[in-house]
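To convert, take the position in the sequence shown, counting from 1, and add 23; that gives the numbering used here. Let me begin by presenting the structure, written as structure tokens, before commenting on it.
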Amino acid sequence: MYMFDTNTISHLFRQHPQVLNIMEKHPPSAVCISSVTEAELLYGVAKRRNKALQSAVEAFLAAVTVYAWDSEASRCYGEMRANMERRGKIMGALDQLIAAHAQSRGATLVTNDRAFTLVPGLAVEDWTR
């Protein structure tokens, strides 16, 4: 299962050729997002007030599984954050939540944000390369 980070969805909306090429090799059921990513997408729509973007986001959300935050994600988050702090590694708060959610689901996080490679045990793929 592949959990998309917000930047990967942005690449999809912009028709990034490499992302589209890899996406075509996987069934839609293999793709999911975190409810945290859903919130980021909806914030982007509210901020930009762009009808085309709103339509694209609504269509995307209707086509993928959106996993709600749960207790297992919370446990992963607590362990991951404490581990990263002990190692002196810093990530944005929402990125930490998304990373923990992917780990809790056993998903590979698809992102081109290198900060996610700081998370021990998190499977990360960059489909933009």
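We put the CB at the ideal spot given by N, CA and C, even for glycine. A quick note: this is a predicted structure, and the numbers were derived from the prediction, not measured.
Checklist entry - How many angstroms separate the CA atom of S58 from the CA atom of P50? => result Translated into the one-based positions of the sequence shown, residue 58 becomes position 35. Translated into the one-based positions of the sequence shown, residue 50 becomes position 27. In this model, S58 and P50 are separated by some 20 Å (Cα to Cα).
Item to check | For L132, three-class secondary structure by DSSP | outcome: Taking the first residue of the sequence shown as 1, we reach residue 132 at position 109. Note: L132 maps to strand in three-state DSSP.
Item to check | Opening and closing residue of the beta strand (DSSP E) in which V89 lies | outcome: The residue labelled residue 89 in the question sits at position 66 within the sequence shown. That run of the beta strand (DSSP E) goes 88 to 90.
Next on the checklist: If you measure between the beta carbons of M26 and A125, is that distance less than 7 Å?
Outcome noted: In the sequence shown, counting from the first residue as 1, residue 26 sits at position 3. In the sequence shown, counting from the first residue as 1, residue 125 sits at position 102. Cβ atoms of M26 and A125: closer than 7 Å.
Next on the checklist: I need the straight-line Cα distance from S52 to G67, nearest angstrom please.
Outcome noted: Counted from its first residue, the sequence shown places residue 52 at position 29. Counted from its first residue, the sequence shown places residue 67 at position 44. Their backbone Cα atoms lie some 25 Å apart in a straight line.
Checklist entry - Can you list, in chain order, the residues of its chain whose CB lies under 6 Å from that of V80, leaving out five sequence neighbours each side? => result Position 57 of the sequence shown, counting from 1, holds the residue named residue 80. Result list for V80: L64, V68, in chain order.
Checklist entry - In the region 40 to 114, which residue ranges form an unbroken alpha helix (DSSP H) of at least 4 residues, counting only runs that do not cross its ends? => result Correct list: 40 to 46, 58 to 71, 74 to 86, 94 to 109.
Item to check | Residues near L141 by beta carbon distance below 6 Å, same chain, minus five either side | outcome: Working through the sequence shown from its first residue, we reach residue 141 at position 118. Once the five neighbours on either side are set aside, the close Cβ partners of L141 are K112.
Item to check | C-beta atoms of T134 and Q41 nearer than 7 Å | outcome: Within the sequence shown, the letter at position 111 stands for residue 134. Within the sequence shown, the letter at position 18 stands for residue 41. In this structure, Q41 does not lie closer than 7 Å to T134 by Cβ.
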